[in-house]
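First residue of the sequence shown: 49, per the numbering used here; consecutive thereafter.
Every residue gets a Cβ at the ideal spot worked out from N, C-alpha and C, and that includes glycine.
Here the structure comes first, spelled out in structure tokens, and everything after it is commentary.
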Amino acid sequence: MSRVVPVVLCGGIGARLWPMSRSQSPKQFHPVADAGSLTFFQSTVQRHRAGCYADPVVVTATPHVQTVLRQLAGLQCEGRLIVEPFARNTGPAVLAAALEIAAEDPDRLMLVLPSDHVISGDFDSIVADARKAAEDGRIVLFGITPAYPETGYGYIVDGGIFRHNAALRRVAKFVEKPPREQAEALITSGSAYWASGISLFAARTIIDEFRRIDPKTFAAVSLAFENGIRKAGQVHLGGEAFRHARAEPTERIIFEHSPHVILAPADITWSDVGSWTSVHGVGQQDEKGNVFHGDVIATDTENALVRAGDRLVALVGVPEVIVIDTPDALLVTRRGRCQDVQKVVELLRRSQRLEASRHKRREHEWGRSMSLLRSGGLDMVMLTINSGTSVNIDPEPGRKLIVTRGTIEMFDGPWRRSVGQGEHVTLDNLQPCRLVNAGAQEAEALLMTLRPTLMLAAQAGVSHHVS
Numbered sequence: 049m050s051r052v053v054p055v056v057l058c059g060g061i062g063a064r065l066w067p068m069s070r071s072q073s074p075k076q077f078h079p080v081a082d083a084g085s086l087t088f089f090q091s092t093v094q095r096h097r098a099g100c101y102a103d104p105v106v107v108t109a110t111p112h113v114q115t116v117l118r119q120l121a122g123l124q125c126e127g128r129l130i131v132e133p134f135a136r137n138t139g140p141a142v143l144a145a146a147l148e149i150a151a152e153d154p155d156r157l158m159l160v161l162p163s164d165h166v167i168s169g170d171f172d173s174i175v176a177d178a179r180k181a182a183e184d185g186r187i188v189l190f191g192i193t194p195a196y197p198e199t200g201y202g203y204i205v206d207g208g209i210f211r212h213n214a215a216l217r218r219v220a221k222f223v224e225k226p227p228r229e230q231a232e233a234l235i236t237s238g239s240a241y242w243a244s245g246i247s248l249f250a251a252r253t254i255i256d257e258f259r260r261i262d263p264k265t266f267a268a269v270s271l272a273f274e275n276g277i278r279k280a281g282q283v284h285l286g287g288e289a290f291r292h293a294r295a296e297p298t299e300r301i302i303f304e305h306s307p308h309v310i311l312a313p314a315d316i317t318w319s320d321v322g323s324w325t326s327v328h329g330v331g332q333q334d335e336k337g338n339v340f341h342g343d344v345i346a347t348d349t350e351n352a353l354v355r356a357g358d359r360l361v362a363l364v365g366v367p368e369v370i371v372i373d374t375p376d377a378l379l380v381t382r383r384g385r386c387q388d389v390q391k392v393v394e395l396l397r398r399s400q401r402l403e404a405s406r407h408k409r410r411e412h413e414w415g416r417s418m419s420l421l422r423s424g425g426l427d428m429v430m431l432t433i434n435s436g437t438s439v440n441i442d443p444e445p446g447r448k449l450i451v452t453r454g455t456i457e458m459f460d461g462p463w464r465r466s467v468g469q470g471e472h473v474t475l476d477n478l479q480p481c482r483l484v485n486a487g488a489q490e491a492e493a494l495l496m497t498l499r500p501t502l503m504l505a506a507q508a509g510v511s512h513h514v515s
């Protein structure tokens, strides 16, 4: 019996989990609990590594390739990557993964998994019970026994017994994020399940359904796959063809129109962790219902969630509060209002604020970067380069590098030079340069870029205010 291929989808942004989750560093790559714990993505991969599972296929975006590789390495896990030139929702992502799997074995089963959900319970046995149906050409959708009338989830309504397997059900209909009254009626009926976004089917089955139901998307993704660039276990899809794929979830493109879908009820603990209220719900609560991460003290406070950053967070008499502290942004809201956090993100985007897209402090395969200042025409970034690693820096007028700790070997075109602590170099040559830390300890350097408008003002003797 061939092993099931987990297909992990890493394309979401998680705007409702701002300021932790941002477009360049989405929630799936952040720790589930305290710093040092597994990330959401790593937890998903780790959950599906035993016995019946093959190495995963991960669908991600170009900016996240190195993060995925680094986090897979942290698990000592091999995996193949499908790299999207831009997001087109889950439908094209799933089809691209199916084409990759079918190239080896069209009958291989694939278990499609969002990368940012939290699951506890014996889910593997539920998957095992559904294998035969998937092998027979069925599309198995896993529905979660609902705990309350959630309006932010989709629902799958039970259509009666599936005669080939008593553990499975037919699908009567799909209900997308119902209003409160309808959600309560669905719960009361006892025949509705939360749509988990997890599905099981053969690669051949989903490919055939895309070809039949949405031939345009099938053609676009197939061409993007065929014309993709392949290197070291990665397929970078061709962008020109991929942009013609329909930007919709698999549910809307295929599942809602396929006669092959069936339901596998799953009585497990599950959360899509789509808001800070959900994070509180899956966290380890103290006797007062509080979930604290980092340096937190509290008095007269109940049912609160706090993620402290680099400083102490103190709460006094503020129940039901949520506080998320990061180096460049602080979120304070109340439980029950967390769905509105994305409104803040929309405001930040309209204002073209960097806090919408990236963190001030970022992790890289070579080390860390910390944005110290970005105002007017001046950028200042502190680079921490790990021992034995290197980073490429593009040339730019007005760009300088000051080494603040250790020694850095700089390769500038055909030239090589050592830059020690306290020394500086200009990086406005036409050639990109490579900074190498050959020492045994971390090296640090301050990268400063003086934009042309500020340079001209300085040369003319004009006072320029930097706020």
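The Cβ atoms of GLY415 and LEU431 sit closer than 8 Å to each other.
Around GLY337, the same chain offers GLU350 and ASN351 as residues with beta carbons nearer than 6 Å, after the five sequence neighbours per side are excluded. In the three-state DSSP reduction, GLU126 falls in the coil class, being neither helix nor strand.
Here the alpha carbon of LEU285 sits roughly 30 Å from the alpha carbon of LYS408.
ILE456 places its beta carbon less than 8 Å from that of ALA491.
The DSSP-derived three-state label of CYS100 is coil. Burial is judged here by how many other beta carbons sit within 10 angstroms of a residue's own beta carbon; TYR196 has fewer than 16 and is exposed. ARG252: member of the alpha helix (DSSP H) spanning 251 to 261, first to last residue. Straight-line spacing of the CA atoms in ALA362 and GLY329 works out to 21 Å. ASN434 and GLU232 have their C-alpha atoms roughly 54 Å apart. By the C-beta density criterion, ALA151 is exposed, having fewer than 16 other C-beta atoms within 10 angstroms. Beta-bridge pairing by DSSP links ILE187 to VAL309. For LYS221, the enclosing beta strand (DSSP E) has its first and last residue at 217 to 223. From the listed residues PRO104, LEU495 and SER405, the smallest Cα separation to GLU148 is found for PRO104.
Excluding the 5 residues flanking it on each side, SER163 has same chain C-beta neighbours closer than 7 Å at VAL56, LEU57, CYS58, GLN76, PHE88, PHE89 and THR92, in chain order. Spatial neighbours of ASP262 in its own chain (CB-CB distance under 7 Å, excluding positions within 5 residues in sequence) are listed in chain order as ARG294 and ILE301. SER319 and ILE167 have their C-alpha atoms roughly 7 Å apart. For ARG447, same chain residues with a beta-carbon under 6 Å away, outside a window of 5 residues either side, are LEU475, ASP476 and THR497 in chain order. In the three-state scheme derived from DSSP, where H, G and I count as helix and E and B as strand, GLY202 is classed as coil. Linking ALA181 to HIS212 through their CA atoms gives a straight-line distance of about 8 Å. Taking 8 Å as the upper bound for CB-CB distance, LEU189 and VAL309 are in contact here, some 6 Å apart.
If you look at GLY415, you'll find it in the beta strand (DSSP E) that goes 415 to 423.
Only residues of its own chain outside the window of five on either side were considered, and among them VAL55, VAL105, VAL107 and ILE130 have a CB closer than 6 Å to the CB of ALA145, listed in chain order. Less than 8 Å separates the beta-carbon of THR253 from that of ILE187. GLN387 sits close to GLY200, with the two beta carbons spaced by under 8 Å. Counting C-beta atoms within 10 angstroms of its own C-beta, PRO140 has 16 or more neighbours from the protein chains shown and is therefore classed as buried. Boundaries of the alpha helix (DSSP H) around ALA141: 138 to 150. Distance from LEU65 to TRP324 at the Cβ level is roughly 7 Å; contact confirmed, criterion being Cβ atoms closer than 8 Å. Note on geometry: alpha-carbon atoms of ALA268 and VAL223 lie some 29 Å from one another.
By the neighbour-count definition (other C-beta atoms within 10 Å, threshold 16), GLN119 is a buried residue. Taking all protein chains shown into account, LEU248 has 16 or more neighbouring C-beta atoms within 10 Å of its C-beta and is therefore buried. TRP66 carries a coil assignment under DSSP once its states are collapsed to helix, strand and coil.
Excluding residues up to 5 positions away in sequence, TRP66 and LEU379 lie with their Cβ nearer than 8 Å to the Cβ of VAL392 in the same chain. THR193: not part of any alpha helix (DSSP H); DSSP gives it neither H nor E.
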